[in-house]
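Residue numbers (the UniProt record's numbering), protein chains in the order written: chain E, 1 to 567; chain R, 1 to 398.
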Amino acid sequence: MAFNFNWSPLTADAEFYKRAQEMLTTALNKSPKPPIIVDDILVNELNLGTTPPELEILEIGDLAEDRFRGIFKMCYSGDAFLTLKTKVQANPLNTYLFSKPNFTSPNPLAASSGLTIPLQITLSEIKLSAFIILVFSRQKGLTLVFRNDPLESLKVSSTFDSIPFVRDYLQSEIEKQLRTLMMEELPAIIHRLSLRLWCPESGVKEEEERAEADSQEKEEIAINPLDSPPQDAVDARGNVLDASEISSLQLDGSSDTQSLFSQKNLLKLSALTDSHRTLSLFTPSIRDAVFRAWAGPPAERGDTAGSSTPSTPLVRSHSSAPSTSTTYTFNKSSDDGLGHMPSRPSLVSLNSATTGLALGAGRHSRSYMRKKKNRVVNLRRSKTTDDVHSENGESENTEVHVSEPSFSTYIPEEPEDGIVTPPPSPTGRVRFRTNSIDLGDSPRKLRPVRPVLEAAPQMAEAAMSNFSRDNRPSYANALSYPEEKTTKPTAEESSNVQNRPSLQPAPVLIDSSSAGGILEQAWVLKMAGEIARRAHDEKAAREGFWSSQNQAMRAGSPPPAYEPKAL
Amino acid sequence: MLEFMEYVQQAFYDTTHWDRENSYSQLTATARDLLEFQTPRGFGLSLSSLSSPNFATSYAIGSVGLVDGSLSYLYTSRPLHASSQSGNVELKSVIQGYRQIQELRRRDEAWMWEEWHNGRRIDKRDSLFYGRLYLPQSTLEALYLSRLSPTQQVRLSAVSNSQMKNGATILALHQYDVGKYSAETLYSTDGGLIGVRGLYNFGTDPRKEIREREPPRTEDRFYGRFSAGAEMYYGSLNKSGGVSLGGRFATLPAHSGTPLTATLTLNPLMGNISTTYAVKAGNNLALCSKFDFNVYSYESDLMLGCELWRMKARSPRVRERSMAAKLEWRLDPFEEKATPEPEQVLGVLKARVDQNWKIGLLWEGRVKEILFALGSSIDMKRRDQPFRAIGLELQYSS
Numbered sequence: 001m002a003f004n005f006n007w008s009p010l011t012a013d014a015e016f017y018k019r020a021q022e023m024l025t026t027a028l029n030k031s032p033k034p035p036i037i038v039d040d041i042l043v044n045e046l047n048l049g050t051t052p053p054e055l056e057i058l059e060i061g062d063l064a065e066d067r068f069r070g071i072f073k074m075c076y077s078g079d080a081f082l083t084l085k086t087k088v089q090a091n092p093l094n095t096y097l098f099s100k101p102n103f104t105s106p107n108p109l110a111a112s113s114g115l116t117i118p119l120q121i122t123l124s125e126i127k128l129s130a131f132i133i134l135v136f137s138r139q140k141g142l143t144l145v146f147r148n149d150p151l152e153s154l155k156v157s158s159t160f161d162s163i164p165f166v167r168d169y170l171q172s173e174i175e176k177q178l179r180t181l182m183m184e185e186l187p188a189i190i191h192r193l194s195l196r197l198w199c200p201e202s203g204v205k206e207e208e209e210r211a212e213a214d215s216q217e218k219e220e221i222a223i224n225p226l227d228s229p230p231q232d233a234v235d236a237r238g239n240v241l242d243a244s245e246i247s248s249l250q251l252d253g254s255s256d257t258q259s260l261f262s263q264k265n266l267l268k269l270s271a272l273t274d275s276h277r278t279l280s281l282f283t284p285s286i287r288d289a290v291f292r293a294w295a296g297p298p299a300e301r302g303d304t305a306g307s308s309t310p311s312t313p314l315v316r317s318h319s320s321a322p323s324t325s326t327t328y329t330f331n332k333s334s335d336d337g338l339g340h341m342p343s344r345p346s347l348v349s350l351n352s353a354t355t356g357l358a359l360g361a362g363r364h365s366r367s368y369m370r371k372k373k374n375r376v377v378n379l380r381r382s383k384t385t386d387d388v389h390s391e392n393g394e395s396e397n398t399e400v401h402v403s404e405p406s407f408s409t410y411i412p413e414e415p416e417d418g419i420v421t422p423p424p425s426p427t428g429r430v431r432f433r434t435n436s437i438d439l440g441d442s443p444r445k446l447r448p449v450r451p452v453l454e455a456a457p458q459m460a461e462a463a464m465s466n467f468s469r470d471n472r473p474s475y476a477n478a479l480s481y482p483e484e485k486t487t488k489p490t491a492e493e494s495s496n497v498q499n500r501p502s503l504q505p506a507p508v509l510i511d512s513s514s515a516g517g518i519l520e521q522a523w524v525l526k527m528a529g530e531i532a533r534r535a536h537d538e539k540a541a542r543e544g545f546w547s548s549q550n551q552a553m554r555a556g557s558p559p560p561a562y563e564p565k566a567l
Numbered sequence: 001m002l003e004f005m006e007y008v009q010q011a012f013y014d015t016t017h018w019d020r021e022n023s024y025s026q027l028t029a030t031a032r033d034l035l036e037f038q039t040p041r042g043f044g045l046s047l048s049s050l051s052s053p054n055f056a057t058s059y060a061i062g063s064v065g066l067v068d069g070s071l072s073y074l075y076t077s078r079p080l081h082a083s084s085q086s087g088n089v090e091l092k093s094v095i096q097g098y099r100q101i102q103e104l105r106r107r108d109e110a111w112m113w114e115e116w117h118n119g120r121r122i123d124k125r126d127s128l129f130y131g132r133l134y135l136p137q138s139t140l141e142a143l144y145l146s147r148l149s150p151t152q153q154v155r156l157s158a159v160s161n162s163q164m165k166n167g168a169t170i171l172a173l174h175q176y177d178v179g180k181y182s183a184e185t186l187y188s189t190d191g192g193l194i195g196v197r198g199l200y201n202f203g204t205d206p207r208k209e210i211r212e213r214e215p216p217r218t219e220d221r222f223y224g225r226f227s228a229g230a231e232m233y234y235g236s237l238n239k240s241g242g243v244s245l246g247g248r249f250a251t252l253p254a255h256s257g258t259p260l261t262a263t264l265t266l267n268p269l270m271g272n273i274s275t276t277y278a279v280k281a282g283n284n285l286a287l288c289s290k291f292d293f294n295v296y297s298y299e300s301d302l303m304l305g306c307e308l309w310r311m312k313a314r315s316p317r318v319r320e321r322s323m324a325a326k327l328e329w330r331l332d333p334f335e336e337k338a339t340p341e342p343e344q345v346l347g348v349l350k351a352r353v354d355q356n357w358k359i360g361l362l363w364e365g366r367v368k369e370i371l372f373a374l375g376s377s378i379d380m381k382r383r384d385q386p387f388r389a390i391g392l393e394l395q396y397s398s
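Right under this line is the structure:
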């Protein structure tokens, strides 16, 4: 991997040069100067040239929207030059006496009298080659450390080029000074600079930050050429997995400067401790596991995410769009119900157990239960209205999901539930479940199919399975995928659009099943098959849509500035 | 203020009749003492003793940031009989200010140092050994001083410190002084520095016996001595060198007018010209100015300094008629003192200021038995914290 530096804006920005000169001046004058330099070192001219440095990504330890950690290899052999102005002591005897103890000083009378000469030094043909460790976090700023001595070679041309002794001395002294500058001062400068850029904004809401991010990054680029690698890295936030880490890993921001491996370990450990929310370790295998969990109905996911970390914009977007994921899940479950019944029971048992345990998700499952109960009441009153109700319920559900945090408002309903619940039949429950589960509309279509094909208990089982599915995602809730966030609006819309028309047939089916007519049953079967096929197609299409969406998002989401990064 | 060990070394020079002033390196000693005096930093205390005429010890403790200290020992083969007690020591010999150039003395003849016993020469060269260990820094200073002859002296000084490039450095200095002129050669192991310097005194040659010596013509406007010298250094390892020329005119004690010292030094390689002019404006006041100019860089520097001696107010003795005189109805006979009783020095105030408004102040004196130096360096250009350093040094010796 490599970076393309956008080098020209740097050279165009006059203010950048001014600031960089100031910074360099203070840095050069900070460390004790050799006795030959008798005045402050002023940076007279600075030009970054036209050749950008080459950056190579060796390793990325951590990548997120507001964090980055990685190792780069940087090579530079460009036409940048730097002109320094200072005054040097031209009398070698004077500098000789400087470092000698007074006791053995020859005490010259006037032979050591100084002659200070203004000196202009031009550093050019700078060749750098270094391994850079770069840690960026929005809270802590940017930390850049050179793993090795970056200075490979350097040409020092000065006023004294004709005097070999002075020239050699200057060359060695300046190289020494530059090395300390690179190794010690430059990281400090960059850190201070980044703090100045980010800290004033840290108080402002993150959304504003995001809005300003581009300009800020541009600024950052402008300030230091060496900052640009981090930038590109930061820009790489398009990465799928990282968004999910934000909430869980924000605590780890303090360990920015640590070496990669230990930090990785830390992250893993923190992820493990938060496993009930994240379950996301960063190894690929676990990613697969994440995907499976994703298959489950994450209707609650939005709730949990929304309630737990409402402040992060990412999560918020999730909470607003739980329906998509739900729909998707439901389709899957319906497939399972049709084809893979045997696997159901085990799942059911497992999930019921988890519901009983109810970690963070238990609460949510309970809330679901409550809602279900409400539905049940509705079902019992009239089957014809059921669908309407269910529709209402659906809409309610979505609302509920969004406003899940307002838990207390539903509490008054609970006693009512307690009273009503015992009577309802398993089928009612099933229906209720489906209703409650899916925010998308597809499940409703499928719902009728099941009763026809299978016996009531099986339906109950299916319901249970659905229920279990509901709960299952609870422990994998925090696996929020950035793709979801980006795709959610479109997917939701599409699913809604597709499903709405098919909503109407569902009540009919249900009615027919209750009537039990043969013809009707045959028709129902046919219809069911058709619906199933349509649902299948839908699902396939949707999946295709998903993948295409993903791809589109991956390709398109990174802002233009980040494109150069080849991930 | 001279440290005790330096004071003892001075006593050694005096005892062995070595004219320390007659050297090119001391050409501008007056200006150096008046303008470039060291202001103490932090707190320092030294306890010293010349426990026997041949042996001196000194312990110093100081606090510049951290507490540090030093132990020093000195041994001379020549018994020294200088007054070593800080309560009795003469402040004029401890505090260096305006240096009055003395008339050249005729050097001892070599035979005067010879001691014979039973047909064998038994005299030995006078020598001085000195060592000083700085404790936290683990720096060792060593000095060997040997009077080879009445006109020659060898001085070896060394510093050992692990921080230094080669761990140690040695400076060897051979001095030859016949009064009319003096020459020094030196070699330093640090950079292989070789140096030669010489001083020539115009005027009468003290070596020549002048039968009918004319009394000094003090009625002249200036009665003094002009000296000229040069020095040359070459660093054999780093191929660098330095040259300077210098001249000095100083009035001699017999001068009736205001004592003054004027020097001019040139560094032809670096184009540096430096002039100093010091005047002993009164018994207790000396003024000095120094002007530097570089003909290559047009840089100039101006420094002014003064030295003020505070004497103890002599209470005029109330002369009362003695009872005998009263009885005899006459006045007391007017007793004429041959020598006025020596003035008691209370202290010396030294001050300097340069063109950058850097001010140095130093107040040296004696309280009871303790010599003290209280000083500060002030930078008026830095309004926020003008006091760059302030310090107090105490010395007690017995």
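All C-beta atoms, glycine included, are put in the ideal place defined by N, C-alpha and C.
Quick one: is residue i buried, meaning 16 or more other Cβ sit within 10 Å of its Cβ, or exposed?
i	result
E:F98	exposed
R:S41	Sequence inspection shows Arg at residue 41 of chain R; the Ser mentioned does not correspond to that position. Classification for R:R41: buried.
R:R147	buried
R:L74	buried
R:S149	exposed
R:N267	buried
Taking just the CA atoms, how far does residue j sit from residue i?
i	j	result
R:A142	E:F72	54 Å
R:Q10	R:D19	10 Å
R:L264	R:I273	7 Å
R:T189	R:F291	33 Å
E:N102	R:S157	11 Å
R:I122	R:S376	52 Å
R:G365	R:Q96	12 Å
R:Y277	R:T261	6 Å
R:Y223	R:R382	45 Å
E:A27	E:L128	19 Å
So, for residue i: in the same chain, excluding its five sequence neighbours on each side, which residues have a beta-carbon less than 6 Å away from its beta-carbon?
i	result
R:A183	Y176, G198
R:F37	K350, L362
R:S398	S49, Q85
R:A373	M1, P40, E364, E393
E:V166	F160
R:E115	I122, D123
R:V353	L304, I359
R:Q344	K312
What did DSSP end up calling residue i once you bin it into helix, strand or coil?
i	result
R:G5	It is worth fixing the name first, because residue 5 of chain R is Met in this sequence and not Gly. Helix, per DSSP.
R:A228	strand
R:M270	coil
E:V166	helix
Sorted by chain position, which residues of the same chain lie with C-beta nearer than 8 Å to residue i's C-beta, five sequence neighbours on each side aside?
i	result
residue 577 of chain E	Not covered by the structure: residue 577 of chain E. The range shown for chain E is 1 to 567.
E:N29	D40, I41
Interface residues of the region 254 to 276 of chain R facing chain E [CB-CB below 8 Å]: Close to chain E, meaning a Cβ-Cβ distance shorter than 8 Å, are the following residues of the region 254 to 276 of chain R: T265, L266, N267, L269, M270, G271, N272, S274.
Taking Cβ-Cβ distances below 8 Å as the criterion, which residues of the region 185 to 197 of chain R are in contact with chain E? Taking a C-beta cut-off of 8 Å against chain E, the contacting residues of the region 185 to 197 of chain R are L186, S188, D190, G191, L193, G195, R197, listed in chain order.
Which residues, taken in chain order from the region 101 to 115 of chain E, show a beta carbon closer than 8 Å to some beta carbon of chain R? For the region 101 to 115 of chain E, the residues whose beta carbon sits under 8 Å from a beta carbon of chain R are, in order, P101, F103, T104, S105, P106, N107, P108, L109, A110, A111, S112, S113, G114, L115.
Scan the region 287 to 301 of chain R for residues whose Cβ lies nearer than 7 Å to a Cβ of chain E and list them as they occur along the chain. Within the region 287 to 301 of chain R, the residues whose Cβ lies closer than 7 Å to some Cβ of chain E are N294, Y296, S297, E299, listed in chain order.
Got a sec: which bits of the region 25 to 45 of chain R sit with their beta carbon under 9 Å from any beta carbon on chain E, in order along the chain? Residues passing the 9 Å Cβ filter: S25, Q26, L27, T28.
For the region 238 to 253 of chain R, which residues have a beta carbon sitting closer than 9 Å to at least one beta carbon of chain E? So the close ones are N238, K239, S240, G241, G242, V243, S244, L245, G246.
For the region 15 to 44 of chain E, list every residue whose C-beta sits within 9 Å of some C-beta in chain R, in sequence order. When C-beta distances to chain R are compared with 9 Å, every residue of the region 15 to 44 of chain E stays at or above that value.
Along the region 163 to 185 of chain E, where does the CB come closer than 7 Å to a CB of chain R? Name the residues. Listed by position, the residues of the region 163 to 185 of chain E near chain R (Cβ gap below 7 Å) are F165.
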